[in-house]
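Using the numbering used here, the first residue of the sequence shown is number 235, and each one after it goes up by one.
First the structure, in the form of structure tokens, and then the observations on it.
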Amino acid sequence: SDKSRFACDGLKRQRLTAPMLKDSSGNLTPVSWEEAIVAVAKMLDSTPGDEIAAVAGGLADAESLMSLKDLLNRLGSEAVCTEEIFPDDGTGTDLRSNYLMNTGIAGVEEADLALLIGTNPRFEAPVFNARLRKCWIHNELDLAD
Numbered sequence: 235s236d237k238s239r240f241a242c243d244g245l246k247r248q249r250l251t252a253p254m255l256k257d258s259s260g261n262l263t264p265v266s267w268e269e270a271i272v273a274v275a276k277m278l279d280s281t282p283g284d285e286i287a288a289v290a291g292g293l294a295d296a297e298s299l300m301s302l303k304d305l306l307n308r309l310g311s312e313a314v315c316t317e318e319i320f321p322d323d324g325t326g327t328d329l330r331s332n333y334l335m336n337t338g339i340a341g342v343e344e345a346d347l348a349l350l351i352g353t354n355p356r357f358e359a360p361v362f363n364a365r366l367r368k369c370w371i372h373n374e375l376d377l378a379d
């Protein structure tokens, strides 16, 4: 999900403006960013990977979720939970090529079928349209729209 890339609602409601850490009595107190980052680094360094988990909100964008998953993988954890559906273990999200599901423009020349939905490549992508036409004429490419 990429709902939050240009959203501004998060700036108005329930937004943390300063990092906070628990003090000796268990209450959250504001600290500097440097103190917060050092505390997180110490905690991550001293915790085994199988005891680390991350929870991301439903408005987190896809790039941030993949970065979070990569970080957790390096720490030895697979535990990423979101409010939205996120690919499960075994779906191959660790390899970029497994979730792109597309090829470059030249890749159309190797296709047997091209399915165009809600687009007119003649006006929207003339270079791609030229390749489609070339394949339709010379390679017997089937086109469906």
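Ideal Cβ placement from N, Cα and C applies to all residues, glycine included.
- The beta-carbon separation of Ser311 and Gly283, rounded to 5 angstroms, stays under the 8 angstroms limit for a contact.
- Assignment of Leu306 by DSSP, reduced to helix, strand and coil, places it in the helix class.
- With three or more CB-CB distances shorter than 8 angstroms, the region 337 to 349 counts as touching the region 362 to 379.
- Distance between Lys303 and Ala296, taken at the CA atoms: about 10 angstroms.
- Annotated as distal: Leu350 and Leu375, with beta-carbon spacing of 8 angstroms or more.
- Membership of Val289 in any alpha helix (DSSP H) is not indicated; the residue belongs instead to the beta strand (DSSP E) covering Ala288 to Ala290.
- Around the beta carbon of Ala287, a 10 Å sphere encloses fewer than 16 other beta carbons of the protein chains shown; the residue is thus reported as exposed.
- Contact check for Ala313 against Leu306 passes: the beta carbons are separated by less than 8 angstroms.
- The secondary-structure analysis by DSSP pairs Thr263 across a beta bridge with Leu255.
- Where Val314 is concerned, the enclosing beta strand (DSSP E) starts and stops at Val314 to Thr316.
- Around the beta carbon of Leu262, a 10 Å sphere encloses fewer than 16 other beta carbons of the protein chains shown; the residue is thus reported as exposed.
- Glu268 places its beta carbon 8 angstroms or farther from that of Leu255.
- If you draw a 10 Å sphere on the C-beta of Leu347, you find fewer than 16 other C-beta atoms in it, and that means exposed.
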